[in-house]
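What follows is one structure encoded as C-alpha cells, with my remarks underneath.
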Amino acid sequence: MATLSDAQRVVVKIGSALLVDRVSGDLRSAWLKSLAADVAVLKARGMDVILVSSGSIALGRGVLGLPRAELALEQSQAAAAVGQIRLARAYEEVLGPHDITTAQVLVTLEDSADRRRYLNSRATLETLLGYGVVPIVNENDTIATDEIRYGDNDRLAAQVAVTVGADRLILLSDVDGFYTANPNDDPDAHRYDVIEEITAEIEAMAGDAGSGLSKGGMKTKLLAAQTATAAGCAMAITEGSRMNPLQGLEAGAPATWFTAQMDPQTARKGWIGAMKPRGLITIDAGAARALCNGKSLLPAGVTRVEGDFGRGDPVAILDHNGHKMGQGLSRYTALEAEKIRGHHSAEIEEVLGYPGRAALIHRDDMAV
Numbered sequence: 001m002a003t004l005s006d007a008q009r010v011v012v013k014i015g016s017a018l019l020v021d022r023v024s025g026d027l028r029s030a031w032l033k034s035l036a037a038d039v040a041v042l043k044a045r046g047m048d049v050i051l052v053s054s055g056s057i058a059l060g061r062g063v064l065g066l067p068r069a070e071l072a073l074e075q076s077q078a079a080a081a082v083g084q085i086r087l088a089r090a091y092e093e094v095l096g097p098h099d100i101t102t103a104q105v106l107v108t109l110e111d112s113a114d115r116r117r118y119l120n121s122r123a124t125l126e127t128l129l130g131y132g133v134v135p136i137v138n139e140n141d142t143i144a145t146d147e148i149r150y151g152d153n154d155r156l157a158a159q160v161a162v163t164v165g166a167d168r169l170i171l172l173s174d175v176d177g178f179y180t181a182n183p184n185d186d187p188d189a190h191r192y193d194v195i196e197e198i199t200a201e202i203e204a205m206a207g208d209a210g211s212g213l214s215k216g217g218m219k220t221k222l223l224a225a226q227t228a229t230a231a232g233c234a235m236a237i238t239e240g241s242r243m244n245p246l247q248g249l250e251a252g253a254p255a256t257w258f259t260a261q262m263d264p265q266t267a268r269k270g271w272i273g274a275m276k277p278r279g280l281i282t283i284d285a286g287a288a289r290a291l292c293n294g295k296s297l298l299p300a301g302v303t304r305v306e307g308d309f310g311r312g313d314p315v316a317i318l319d320h321n322g323h324k325m326g327q328g329l330s331r332y333t334a335l336e337a338e339k340i341r342g343h344h345s346a347e348i349e350e351v352l353g354y355p356g357r358a359a360l361i362h363r364d365d366m367a368v
C-alpha cells in the first residue's frame, strides 16, 4: 500500500471547510499553523510540496459582508479578489517561520486544456519547486466563468499532480475515506482502506453531497482519483480537520488509498508517445546518443525541421538515418526551431531576438 512517508513529490488539497470557520467566517489560524508544521517536516526530508487551496471566496465573502446563500458570478469573483490576498498572506505568515518561501499560482481549466498554457504552467511549477518554494495553487475565481472552470479543487488538485508528475495526492476532506455508502445515512457503510481499481461498482457508491462551504462531493474525489492514478500518482482521502493532519496520516489515521497504475514518469511518457505528431525533427548522431542516455534535445543537435507545429505540439524525433527514435513536446514553434537548429543554447537569444529555453525538447517531455 502507498504511504506518504516514501513520497518524493506531494500535492495536498485543502478545502474551504477546513480553512474557514463555518460560523464566524474567520480563518482557522491554529489549524493552518499545524498544517504548516506538517509541510515543514515533509520539506525537511527533501520532498517537494504543492498546496492546492480553496478558501478565497469564503474569506472574501466575510470581508464584504456577503450572504451565505448562493452568490451571483460577479459577487463570487469580487469575493475571490478580496480573499485571494488574505489567503496568500495567511500561507506566507504560517510557512515563513519555517523558512519556507511561498508563491501564489492561479489557474483555470483552460491552462491545462491548452497544451501551450499547460507547458507554461508545468515549467513555472517545476522552477518554483527547484528553488525550494511551496506553490499555493488555486482556481483563478476572479476571472473564471463556468465555461473555463474546474468547479472543484479535487479535480484541480489531480490535474496539478499530473502536471508536475507527483507521486502522491492527498485530499484533506471532511470524511476519513471512501465508504460503500454515505455513513451518515447507512449504519452498515464501511470504509475501504485500499482501492486497487476503480470499478463500475465503486463508481456507483459515490454520492454527490458536499459540505456547506465546498462544492466537492465523493463523486468529484473519485474523478480526481481516476485522473491521478492513471498518471502514476497514488491518492489518499483522509479527514483533515484534526490538527497536524499530514502527520496524522503518516501515523496511521483512517484513510482510503487509491493505488497508482504505474509510476508518474512512465505514465507521462506513454501519454506523449500516443499523440499524433505535428512535425518531424531530425538529429545528428551525437544528439541521438545523448537522448539514449536520458538527456534533453538541444538545438545544436538538430539538422532538419519539418512540419507546421506550435509550441507544445508533439513532434517525431528521427535519427540521422531517418529512423524514428521517439517523440516529444516541442518548446518552440516550427519557425523558431528552424532558426535555432544547429545553434548552441547560449546563442538562442541572439538568433531569435528574445530569450528562450535551453532545450528544444526537454527530457521530461520526451518518449524515446
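Here the UniProt record's numbering is used: the first residue of the sequence shown is 1, the next is one more, and so on. In this text, a Cβ means the ideal position worked out from N, Cα and C, and glycines have one as well.
State the DSSP-derived secondary structure class of residue i, mapped to helix, strand or coil.
| i | result |
| --- | --- |
| alanine 7 | coil |
| arginine 168 | strand |
| lysine 295 | coil |
| isoleucine 198 | coil |
| aspartate 48 | strand |
| glutamine 104 | strand |
| glutamine 327 | strand |
| valine 20 | strand |
| arginine 341 | coil |
| tyrosine 91 | helix |
| threonine 266 | helix |
| methionine 235 | strand |
Looking at the strands, I want to know which residues DSSP matches up with residue i.
| i | result |
| --- | --- |
| threonine 282 | Arg304, Leu318 |
| leucine 129 | Answer by DSSP bridge pairing: none, since leucine 129 is not bridged. |
| asparagine 153 | Asparagine 153 pairs with nothing; no bridge assigned. |
| aspartate 135 | It is proline, not aspartate, that sits at residue 135 in the sequence shown. Proline 135 pairs with Ala103. |
| lysine 13 | Val52, Leu171 |
| alanine 228 | DSSP, once it has assigned bridges, lists no residue as partnering alanine 228. |
Given a threshold of 16 other Cβ atoms within 10 Å of its Cβ, counted over all protein chains shown, does residue i qualify as buried or as exposed?
| i | result |
| --- | --- |
| arginine 331 | buried |
| aspartate 6 | exposed |
| glycine 96 | exposed |
| histidine 362 | buried |
| valine 63 | exposed |
| glycine 15 | buried |
| cysteine 233 | buried |
| threonine 256 | buried |
| glycine 252 | exposed |
Figure out for me which residue from the options has the closest Cα to the Cα of residue i.
| i | options | result |
| --- | --- | --- |
| alanine 44 | Arg22, Ile100, Ala58 | Ile100 |
| aspartate 154 | Val49, Val11, Thr256 | Val11 |
| glutamine 247 | Ala290, Leu172, Ile136 | Leu172 |
| leucine 73 | Arg116, Asn140, Thr282 | Asn140 |
| lysine 276 | Gly60, Leu329, Arg22 | Leu329 |
| alanine 224 | Lys13, Leu4, Arg9 | Lys13 |
| alanine 267 | Arg191, Ile198, Gly165 | Gly165 |
| glycine 60 | Val94, Val368, Leu19 | Leu19 |
| alanine 2 | Leu35, Asp38, Arg168 | Arg168 |
Is it the case that the CB of residue i approaches a heavy atom of the ligand ZN more closely than 6 Å?
| i | result |
| --- | --- |
| proline 254 | Among the components of this structure there are no ligands whatsoever, and the ligand ZN is therefore not found. |
Would you please state the rounded distance, in angstroms, between the beta carbons of residue i and residue j? I believe it to be under 8 Å.
| i | j | result |
| --- | --- | --- |
| asparagine 138 | serine 241 | Going by Cβ atoms, the distance from asparagine 138 to serine 241 rounds to 20 Å, so no, they are not a contact pair. |
| leucine 106 | threonine 163 | Contact flag wrong, Cβ pair sits at about 14 Å. |
| isoleucine 136 | alanine 103 | 7 Å |
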